[in-house]
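**Student:** Have a look at the structure that comes next, please.
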Amino acid sequence: MMRVLFPTLVLVLVGCVDGSDDGGVDCTLESVVSVSVYVQASDGAPVDGAIVTYSVDGGEQQTADCMDDVCFVGYDTAGDFEITASYDWSSDDGCCWSNDSASASVTVEAGECHVEPQSVTITVDTDVTCVDQGDTGDCLP
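Quick note: the sequence shown uses the working numbering, first residue -13, plus one each step.
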């Protein structure tokens, strides 16, 4: 029994050492969101339909992936993020509208395996402006 157990134990121990000099840190293959962005109205309510764009270290503008009330900006990307949330809405007749944008800056640091994720809330003005309609139904200036 000891002859079977000893080689198995050595195999298990050797299998746990990968030979790299990483200080024993085991990193996962998962991708971590760099910044979670929450867009809200001035009353604190989540804003549906906001568009979030960002750049990292002054690079090219990219569009964030949004789901429900959160947008995901960058994946395992460290650097200085400039994030803009914009809200643009108009009624079907075009007589009422709301549009605003706001920005935030955040720095994401690289961690041992992944970035240190950050979270930011951006507030946009969602107040609706309307103009009167004339007798023809057209918007009046």
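Think of the CB as a built atom: it goes at the ideal place given N, C-alpha and C, for glycine as much as any other residue. Fair warning: this is a prediction, and the values are worked out from it, not measured in the lab.
#1: State whether the stretch 75 to 83 contacts the stretch 50 to 57, with contact taken as three or more CB pairs (one from each stretch) at a distance under 8 Å.
#2: Can you grab the Cα-Cα spacing for the pair Ala88 / Gln119, in whole Å?
#3: Helix, strand or coil for Ser28 per DSSP?
#4: Beta strand (DSSP E) containing Glu68: first to last residue?
#5: Note down the Cα distance separating Ser105 from Asp124, rounded to an integer number of angstroms.
#6: Buried or exposed: which applies to Cys57, given that a residue is buried once 16 or more other Cβ atoms fall within 10 Å of its Cβ?
#7: One question on the structure: do Val94 and Thr70 come within less than 8 Å of each other, judged by their Cβ atoms?
**Tutor:** On the basis of the coordinates in this document:
#1: Contact fails between the stretch 75 to 83 and the stretch 50 to 57, because fewer than three Cβ pairs, one in each stretch, are under 8 Å apart.
#2: As a first step, residue 88 must be located in the sequence shown, where it is residue number 102. As a first step, residue 119 must be located in the sequence shown, where it is residue number 133. Annotation: Ala88 to Gln119 spans about 30 Å, alpha carbon to alpha carbon.
#3: What you label residue 28 is simply residue 42 of the sequence shown in a count that begins at 1. DSSP places Ser28 in coil when its eight states are reduced to three.
#4: Indexing the sequence shown from 1 puts residue 68 at position 82. Counting along the chain, the beta strand (DSSP E) containing Glu68 begins and ends at 65 to 76.
#5: Counting from 1 along the sequence shown, the entry for residue 105 is found at position 119. Counting from 1 along the sequence shown, the entry for residue 124 is found at position 138. In this structure, the alpha-carbon of Ser105 lies about 44 Å from that of Asp124.
#6: Here the question's residue 57 lines up with position 71 in the sequence shown. Taking all protein chains in view, the Cβ of Cys57 is crowded by 16 or more other Cβ atoms within 10 Å, so the residue is classified as buried.
#7: In the sequence shown, the residue the question calls residue 94 occupies position 108. In the sequence shown, the residue the question calls residue 70 occupies position 84. No, Cβ-Cβ distance for Val94 and Thr70 is not below 8 Å.
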